[in-house]
Amino acid sequence: MKNLGNLMKQAQEMQSKMAEMQQKLQEMEVSGSSGGGMVEVVISGKGDMRRLSIDKAIVDPEDKEMMEDLIVAAFNDAKAKAEEAMKEEMQKVTGGMKLPPGMNLPM
Numbered sequence: 661m662k663n664l665g666n667l668m669k670q671a672q673e674m675q676s677k678m679a680e681m682q683q684k685l686q687e688m689e690v691s692g693s694s695g696g697g698m699v700e701v702v703i704s705g706k707g708d709m710r711r712l713s714i715d716k717a718i719v720d721p722e723d724k725e726m727m728e729d730l731i732v733a734a735f736n737d738a739k740a741k742a743e744e745a746m747k748e749e750m751q752k753v754t755g756g757m758k759l760p761p762g763m764n765l766p767m
């Protein structure tokens, strides 16, 4: 029974750490860019877009597809950075313990 009590205590500590990490990720801001910095996207650690900046030099009504591609590329760059930051935070919470495949928390 003593082991069960320790296990429950560890689970509660992990739950508390996960809640703290969720809050930290929501407050975190990660930026991504494309086009040599002409498009910049800022997202939260959870992937919510916060800001979008587009250099007026690339605003061309005749080539809207290029601008759309640059926005997507900047967002994907920011998302990749946010996912890496999340992995680092998860390692802190889990003490380096590997999660089972397919268990991508918390995003």
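Following this note's numbering, the numbering of the sequence shown begins with 661 at its first residue and continues without gaps.
We put the CB at the ideal spot given by N, CA and C, even for glycine.
Fair warning: this is a prediction, and the values are worked out from it, not measured in the lab.
query, result
"Using the Cα positions of P766 and R710, report the straight-line distance between them to the nearest angstrom.", "With a pLDDT of 49 at P766, under the threshold of 50, the modelled position of that residue is not reliable, and no figure is offered here."
"Are the Cβ atoms of M674 and V753 separated by less than 9 Å?", "yes"
"Roughly how many angstroms separate the alpha carbons of E728 and A734, rounded to a whole number?", "10 Å"
"Quick one: what's got a C-beta closer than 8 Å to N736's C-beta in the same chain, skipping five residues either side?", "G692"
"With DSSP as the reference, label P766 as helix, strand or coil.", "In this prediction, P766 scores a pLDDT of 49, lower than 50, which makes its location untrustworthy; the coordinate-derived value is nonetheless stated afterwards. In this structure, P766 counts as coil in the three-state DSSP scheme."
"Rounded to a whole number of angstroms, what is the C-alpha to C-alpha distance between K739 and G755?", "24 Å"
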